[in-house]
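Enquirer: Just so you know, the working numbering puts 567 at position 18 of the sequence shown, and the rest follows in order with no gaps.
In this text, a Cβ means the ideal position worked out from N, Cα and C, and glycines have one as well.
Supplied in structure tokens, the structure appears directly below.
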Amino acid sequence: MSDIMRPIPFDQLMDWILTEKKAQGTVFGESRLAKLGGHARPIFGERVESPVGPAAGPNTQLAQNIIASYVTGARFFELKTVQKMDGAELSACVNKPCILAADEGYNCEWSTELTVPDAFDEYVKAWVACKLLAREFDLGDPDGFVFNMSVGYDLEGIKGEKVDTYIDSMKDASDTPVFQEAIAWAKANLDRFQNVDAAFVDSISPHVSRSVTESTLHGCPPAEIERIATHLIAEKGLNTYIKCNPTLLGYEYARKTLDSLGFDYIVFDEHHFNEDLQWADAVPMLRRLIALAAECGVEFGVKLTNTFPVDVTCFELPSDEMYMSGRSLYPLTISLAKRIADEFEGHLRISFSGGADALNVRALVDAGIWPVTMATTLLKPGGYQRLVQVDESLSGIDDAPFSRVDLAKVSTIVDDALTNPRYRKPVKPMPERHVGHDLPLIDCFTAPCREDCPIEQDIPGYLRACGEGRYADALRIILERNALPFTTGTICPHTCGDSCMRNYYEEHVHIREFKLLAAEKGLAEVLPTLSPRGTVDNRKVAVVGAGPAGLAAASFLSRAGADVTVFERTGELGGIVRHVIPGFRISDEAIDHDVELCSAYGATFKTGVGVTNARDLLDQGFSDVVVAIGAWASGRPALRSGEALDAIDFLRDFRDDPAQCRLGTDVVVIGGGNTAMDVARAAKRVPGVEHLRLVYRRTRRYMPADEEELVMALEDGVELMELLSPGDLANGVLTCEVMRLGAPDASGRRAPEPTGETVSVPATAVITAVGERIEQGLYLATGCDLDGKGRPVVSDSLETSVPHVFAVGDARRGPATVVKAIADAMTVTRAISGASFDGMGESNVGPSYESSLVSRGSLEADVQSLAHTRCLGCATVCEICCEVCPNRANVAVRVPGMRERQIVHVDGMCNECGNCAVFCPYSEGRPYKDKLTLFWSREDFDDSTNEGFLPAEGGMLVRVDADEGTFDVDDLSCGLPESVRKTIVAVRNTYSYLLS
């Protein structure tokens, strides 16, 4: 596939904008346009209505990128860097994909991929277009924005004819063909405007830029940096910023800071810190340049910071080194800002770029640090739309000219950056956030949360009902697939949150909490209305065990109309949740409510009745037996010698009465899963326990326990002892072998390796929480085949080798989650009764299409509140690939007769940066490769393997399903898939401005 970007001529660019705005109400897909007139602050002899905008990078490479930034509120533009290496020569050096912004940002590209003359043309086209749009759409003062050049990387290149001509032409573009053509087009097309006249067009200044940011490569000598700045200030008369590197902080500070914030996995050594500009050289150089700028009558400052070079260790990008940005860079950047502000007593101007976003930009600007430019946040879902909130966050702030940086306020920002959880990496690695399906060519709408849920709960549906205060409706939606809303609303590991697209804003929607809220507020209304939905002839079902799997099976089967009897060997219903999980995790009241719901459809429950052979129940007239006896057998031994308590036995005793547990003063828990966390937190509450130590052979980053479970254990005072493998217990001492982590594999996981060293850990009691197993007695007595791990061999319907005997939940797979037990109950209910689970819902939608669009791009500071769901409504509108594409190469089009909008990829606007693939919810989804593609030339069509289309003589040249040909798309029987045909027709008829 071609990765060549095709700049759009000015006439087509303006036709696109004006036609789209009139027909769709959007500009390059942006629906929330920012109007900023009324306030401006001076800079460089110009004015900016807002001191924020995109940083030099992918968001300022093409004219449409800059325009999309402008209409959403950007007013300071740091244009993408130009240098002597450009065009095809530079593109050949940039490996693709080159952007990874899933959390902190990484990239392996550095300057414009266009030729310098083409880059100049893009900037001038954008300059004139923004002037016209400001007046036509009343977006603000047409002179209220600033273009800032970025040039590099050495004096020879900057003084060379190519870059020198670029600088002079940006200072005055009046004699350049691109400026003259843009002005001529505007005058010739005044009839297309309502608020633009000839006088206004004549007033458009040809002085595109009066300022520059000097960018140098790592290792550039101090003298070279100063020579470049001197040239730009004294010879070119430009207001000048020098871009500084975070390496000025020193290796020790950078390493310590990142480690303390959880970014210890980011690998870098000292060589850049030793080779880059040193503080001792920087300070006197900056003082000399300050004096020179004052003498020349221009402004001078520093740009903080350049991106931070780190090693590629897990194949993150196809390069050896990559450049870090975003939230991991923010604490370093603001720390450097403080150091510089202190050194110069606040009088040196600081331009900021390094993890700024809507939630911290006000503090920066209020402290006198501006302009602020952004890259990583704009590459995340919401894209350019995030700028709207950025401007809103600056409402009411003083628009005075720069006077000085407030040292006290900067100190406060630094303290916040080093302690605020927003800038701290979670302990555990980022979970997989993609659903396990291929990206469809057409109709790619999906709700990743629902796809990632073992029971495929209609999460968007019940979130919408909760958001509208319809809690009874929400509970009915939940009960359709979830028999235990109180239990799952309390202790579910909610893996649905892992794939929630809201993670890319702040954190996932609190799906589990809303489930519990719906259950609590909807129970009284819903419970009396529950009844069987039909009668299943000749199905009399016995369920053995009344834990989560047994309760769910009883609920679903009796709802379907089967005659269900549940046999529970203990005196209470609830299984491991009732008898083992500590009361501080889930209350008896919550369990009781779920029992009420599961009993409401008519199942009979018999407690105190043990079953040792499922065949006995078949002989008694039951047509089917569902075995749901849990996994109560002791785990595998964890010590070479010495006796340890079993986790299940301990938790059962603790649930009955913590005071009866005799553990002594020093307790060691062995294990790293959720059960180990429960054990540790429970044991910490046992009277007499003074020290609770959790021994694990890897580090916390590789523990199987959920992040929140580990955090709660640590908050309870549990001491985590990492990289220890337990060995022998004797005389109150546990001897452990010290481990180390080996090199990461392709997944980033590092295996523990013995070091040969040992340590002694005080241990009055050791509790093992590893490898709980299934009790095999019932299966053996029944004659069920077992696998090598002692688990029943089952079919896809979960039927064992004995006909009509099924196994569900922990009883078939070993210890797992409640929601997986519910999924098993659904499977056997389908098999036994033929019941469907596709009933009540909200038509699988979340918020309305319009409200989904409005909510996109806004970060929430208070994510703990349940005042509103924060749901993005992915099942209704995804369009993530459109939002995150800096080039606007993915476009959403309305197709008559099809749901909402379809994605069309525009080949000529794509450079294969890969950003859309990072955020596409589908596993291995690459919208730039996998979506229906519009081509602008036969050359590009032939250079690609994408399925797509090109206007051609006699119809449309189309490639789909490996077939290629020219089709009359108006002919319903032309042979194309109907969805593809309709989409092509919609583009031609309604979105003709997309066509070259």
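(1) What is the DSSP secondary structure of residue 1577, counted as helix, strand or coil?
(2) Hey, residue 1504 and residue 1481 are a contact pair by Cβ (cut 8 Å); roughly how many whole angstroms apart?
(3) According to the neighbour-count rule (16 or more other Cβ atoms, all chains shown, within 10 Å of its Cβ), is residue 823 buried or exposed?
(4) Touch check for the region 1214–1233 and the region 934–950: three-plus C-beta pairs under 8 Å?
(5) Among 1098, 663 and 1188, which has the Cα closest to the Cα of residue 1362?
(6) Where does residue 1276 sit, in a helix, a strand or coil, going by DSSP?
(7) Counting only the same chain and skipping the five closest in sequence on each side, list residues whose C-beta sits under 7 Å from that of residue 756.
(8) Going by the DSSP bridge assignment, what does residue 1451 pair with across the sheet?
(9) Please look up how many angstroms separate the CB atoms of residue 1543 and residue 1440, rounded, as I've assumed it's under 8 Å.
(10) Rounded to whole angstroms, what's the CA-CA distance from residue 1365 to residue 1178? Just pull it up for me.
(11) In terms of DSSP beta bridges, what is residue 790 paired with?
(12) According to the Cβ coordinates, are residue 1225 and residue 1235 closer than 8 Å?
(13) How many Å lie between residue 932 and residue 621 at the Cα?
(14) Anyone know if the C-beta pair for residue 1408 and residue 1054 falls short of 8 Å?
(15) Decide if residue 979 is buried, meaning its Cβ has at least 16 other Cβ atoms within 10 Å, or exposed.
(16) Would you kindly work out how many angstroms separate the C-alpha atoms of residue 1392 and residue 584, rounded to a whole number?
(17) Can you say whether residue 1132 is buried or exposed, counting buried as having 16 or more other CB atoms within 10 angstroms of its CB?
(18) Let me check understanding here. Comparing Cα to Cα, which of 611, 1206 and 623 lies closest to residue 601?
(19) So the beta strand (DSSP E) residue 602 belongs to, where does it begin and stop?
(20) My assumption, with CB atoms under 8 Å, is that residue 581 sits in contact with residue 937. Please give the rounded CB distance.
(21) In chain order, which continuous runs of the beta strand (DSSP E) of length 3 or greater are located wholly inside the region 1144–1221?
(22) So for residue 1309, helix, strand or coil by DSSP?
(23) Residue range of the alpha helix (DSSP H) that residue 1331 falls in?
(24) According to DSSP, is residue 1392 part of a helix, a strand, or is it coil?
(25) What number of angstroms, rounded off, separates the C-alpha of residue 1468 from the C-alpha of residue 991?
(26) Determine the direct distance from the alpha carbon of residue 1135 to that of residue 1319, and round the result to whole angstroms.
(27) Could you tell me which of 983, 798, 1167 and 1214 sits nearest to residue 1241, measuring between CA atoms?
(28) Can the beta-carbon of residue 1457 be found closer than 8 Å to that of residue 1541?
(29) Suppose you measure from the CA of residue 790 to the CA of residue 900; what does that come to, to the nearest Å?
(30) Who pairs with residue 654 in a beta bridge, going by DSSP?
(31) Assuming residue 782 and residue 841 are in contact, meaning their beta carbons sit under 8 Å apart, how far apart are those beta carbons, in whole angstroms?
(32) Ignore the nearest five residues each way along the sequence and tell me which others in residue 797's own chain have a CB closer than 7 Å to its CB.
(33) Please list the terminal residues of the continuous beta strand (DSSP E) segment that includes residue 592.
(34) Under a three-way DSSP split, which group does residue 1518 fall into?
(35) Please name the residue in 1484, 976 and 725 whose C-alpha comes closest to that of residue 1459.
(36) Answer yes or no: do residue 1301 and residue 1259 have a C-beta to C-beta separation smaller than 8 Å?
Expert: Let me lay it out:
(1) Nothing about residue 1577 can be reported from this structure: the residues present for the chain run from 550 to 1545 only.
(2) A Cβ-Cβ separation of about 16 Å leaves residue 1504 out of contact with residue 1481 under the 8 Å criterion.
(3) So residue 823 counts as exposed.
(4) Counting Cβ pairs under 8 Å, fewer than three are found: no touch.
(5) Of the candidates 1098, 663 and 1188, the one whose C-alpha sits nearest the C-alpha of residue 1362 is 1098.
(6) In the structure shown, residue 1276 sits in a strand (DSSP, three-state: E or B).
(7) Apart from sequence neighbours up to five positions away, the residues of its chain that approach residue 756 with a beta-carbon distance below 7 Å are 720 and 721, ordered along the chain.
(8) Residue pairing by DSSP puts residue 1451 in a beta bridge opposite 1442.
(9) 6 Å between Cβ atoms; contact.
(10) Distance between the alpha carbons of residue 1365 and residue 1178: 13 Å.
(11) Within the DSSP bridge table, the entry for residue 790 names 762 and 850 as partners.
(12) It is not a contact, given that the beta carbons lie outside the stated cut-off.
(13) Approximately 10 Å, taken between the alpha carbons.
(14) Yes, they are a contact pair.
(15) Looking at its Cβ environment, which holds fewer than 16 other Cβ atoms inside 10 Å, residue 979 is exposed.
(16) No answer about residue 1392 holds up, because its pLDDT of 47 lies below 50 and its placement is not dependable.
(17) Counting other Cβ atoms within 10 Å of its Cβ, residue 1132 stays below 16 and is therefore classed as exposed.
(18) In terms of CA proximity to residue 601, 623 leads the group 611, 1206 and 623.
(19) Residue 602 -> beta strand (DSSP E) spans 601–603.
(20) Correct: roughly 5 Å between the Cβ atoms.
(21) With a minimum length of 3 residues, the continuous beta strand (DSSP E) runs that stay inside the region 1144–1221 are 1153–1156, 1173–1176 and 1215–1219.
(22) It is a strand residue.
(23) Segment 1326–1331, the alpha helix (DSSP H) holding residue 1331.
(24) Below a pLDDT of 50, predicted positions are generally treated as unreliable, and residue 1392, at 47, falls in that range; the measurement from the model is reported next regardless. DSSP places residue 1392 in coil when its eight states are reduced to three.
(25) Near 18 Å, if we compare the C-alpha coordinates of residue 991 and residue 1468.
(26) For residue 1319 and residue 1135, the gap between their C-alpha atoms comes out near 22 Å.
(27) Residue 1241 has its Cα closest to that of 1214, out of 983, 798, 1167 and 1214.
(28) No, these two residues do not count as a Cβ contact at 8 Å.
(29) Cα to Cα, the separation comes out at about 8 Å.
(30) Beta-bridge partners of residue 654 (DSSP): 874.
(31) Residue 782 to residue 841, Cβ: 6 Å. Contact.
(32) Contacts found: 826, 828, 831 and 885.
(33) 590–592 is the extent of the beta strand (DSSP E) around residue 592.
(34) Under the three-state reduction of DSSP, residue 1518 is assigned to coil, being neither helix nor strand.
(35) Per the Cα distances, 1484.
(36) Result no, Cβ atoms of residue 1301 and residue 1259 do not sit closer than 8 Å.
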